[in-house]
Amino acid sequence: MDRIVLFACTLSGNPKLFARPKNKPADTTIGQISVLNADDVKSYRCKTWPTMANEWLIRDRSYGLPNEETIEKLKSLGFFVVRKGHPFSSEIDLEWRISLSLQERELMFNLTDVQHKCYIILKMFNREVIDMTGITTYHWKTCLFYVIEENDRNIWKKNYF
6 MDRIVLFACT LSGNPKLFAR PKNKPADTTI GQISVLNADD VKSYRCKTWP TMANEWLIRD
66 RSYGLPNEET IEKLKSLGFF VVRKGHPFSS EIDLEWRISL SLQERELMFN LTDVQHKCYI
126 ILKMFNREVI DMTGITTYHW KTCLFYVIEE NDRNIWKKNY F
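Adding 5 to a residue's 1-based position in the sequence shown gives its number in my numbering.
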């Protein structure tokens, strides 16, 4: 298993640069920028595809989703390394994770109208029905991407809903 590990990182100047009150990669900015709330995520950008995710690039896709052109585009976007430790780790402040947020964003832009509505319903279901700590919108988005990949695109037609 491949890992990216950061050891003995010292900061000169502002020691609070990577401080965080919770085990989340984003710090919500108090106040507003224009009319939008902002999250500040400290990260390192890597311009290549993470080797530990190579299986995703080459795995068999019975229904061809996403297509080869999209996969190549996603691969070219690289990835981020963000500070996010395992919640039960004794070394939570030393742990980082890979973020494929640019790929997620691109896949979200490519959703059909029905797929996007399904995502909105999943978010509402999570917030209004489940309301559990630990189950996040990210989990539902990942599930939706998997269901899209594993099923015929014809099930996402409006006449089925």
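Glycine included, every Cβ here is placed at the ideal spot set by N, Cα and C.
Under the three-state DSSP convention, the category residue i falls into
| i | result |
| --- | --- |
| residue 103 | strand |
| residue 148 | helix |
| residue 93 | coil |
| residue 44 | strand |
| residue 23 | The predicted model places residue 23 with a pLDDT of 49, which falls under 50 and marks its position as unreliable; any figure quoted below should be read in that light. Note: residue 23 maps to coil in three-state DSSP. |
| residue 11 | The predicted model places residue 11 with a pLDDT of 40, which falls under 50 and marks its position as unreliable; any figure quoted below should be read in that light. Residue 11 falls in the coil class under three-state DSSP. |
Pair within 7 Å by beta-carbon distance, residue i and residue j
| i | j | result |
| --- | --- | --- |
| residue 49 | residue 86 | yes |
| residue 82 | residue 154 | no |
| residue 106 | residue 100 | no |
| residue 47 | residue 88 | yes |
| residue 103 | residue 84 | yes |
Start-to-end residues for the beta strand (DSSP E) that takes in residue i
| i | result |
| --- | --- |
| residue 65 | Where residue 65 is concerned, there is no enclosing beta strand (DSSP E), given that its DSSP letter is neither H nor E. |
| residue 87 | 84-88 |
When the options are compared against residue i, the one with the closest alpha-carbon
| i | options | result |
| --- | --- | --- |
| residue 152 | 66, 44 and 104 | 66 |
| residue 128 | 115, 114 and 148 | 148 |
| residue 80 | 138, 126, 56 and 117 | 56 |
| residue 123 | 163, 61 and 54 | 163 |
| residue 161 | 145, 138, 68 and 98 | 68 |
| residue 3 | 75, 62 and 54 | Shown here, the chain extends from 6 to 166; a query on residue 3 therefore has no answer. |
| residue 110 | 156, 78 and 133 | 78 |
| residue 61 | 150, 159 and 158 | 150 |
Endpoints, the alpha helix (DSSP H) within which residue i is located
| i | result |
| --- | --- |
| residue 116 | Where residue 116 is concerned, there is no enclosing alpha helix (DSSP H), given that its DSSP letter is neither H nor E. |
| residue 79 | 73-81 |
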